[in-house]
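Here the structure is laid out as structure tokens; the discussion comes afterwards.
Residue numbers (the numbering used here): 503 to 713.
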């Protein structure tokens, strides 16, 4: 990965919505309608991006976005305004996405079993592409982000939360239920693999252009 690309990826850490101010969090906790609306508008794009990183299609992702904001509306009193808001929000969002994903999988399995035996269901499930939709904010990031679809889902969510949402490994650890050192290891292994893949692709293109 050249210096320009590395700079672009590092800069993306800052490309997320910052923590809300304390007064807004306190009003949100108390259930003030204008505070809840402000939170929803401010974090809408972040939640959409994260839902799309977990779920396979726009329709399902937008269902998850709506459900996420409905849940934070219902559970605003469960949030402790003395603690960071973003990890709590993404915990709610992740649980919502995984719940919808389980529901969709169960529905698909029930439909398939009407016409297929168990081995056919397993074969079709194995052939499904990774549940990942590339999200870009700048055209020059397309090449790097395209490779994220090759990561396992559990690693992708760590990558998105750290690289795009700016959460610390400790915060991500609380969200995904894995030790912080494991989270950090998975992230940096994925980053190293991403670097190798991009460099390999560029080398291949250079050879093709030379022919």
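Ideal Cβ positions, reconstructed from N, Cα and C, are used throughout, including at glycine.
All values reported here derive from a predicted model rather than from experimental measurement.
query	result
Cα-Cα separation, residue 518 to residue 530	20 Å
Candidates 552, 652 and 539: closest to residue 668 by CA position	552
Within 7 Å, strictly: CB atoms of residue 672 and residue 682	yes
Counted within 10 angstroms of its Cβ, other Cβ atoms place residue 537 as buried (16 or more) or exposed	buried
Other residues of its chain near residue 586: CB distance less than 8 Å, five sequence neighbours each side excluded	521 and 673
Proximity to residue 559 [Cα-Cα], best of 602, 588 and 577	602
Top-ranked residue by Cα proximity to residue 576, from 694, 534, 708 and 606	534
Other residues of its chain near residue 544: CB distance less than 6 Å, five sequence neighbours each side excluded	519
Rounded C-alpha distance that separates residue 527 from residue 565	25 Å
Span of the alpha helix (DSSP H), counted from its first residue to its last, around residue 539	535-556
CB-CB length for residue 662 against residue 532, believed under 8 Å	So it is not a contact: roughly 31 Å between Cβ atoms.
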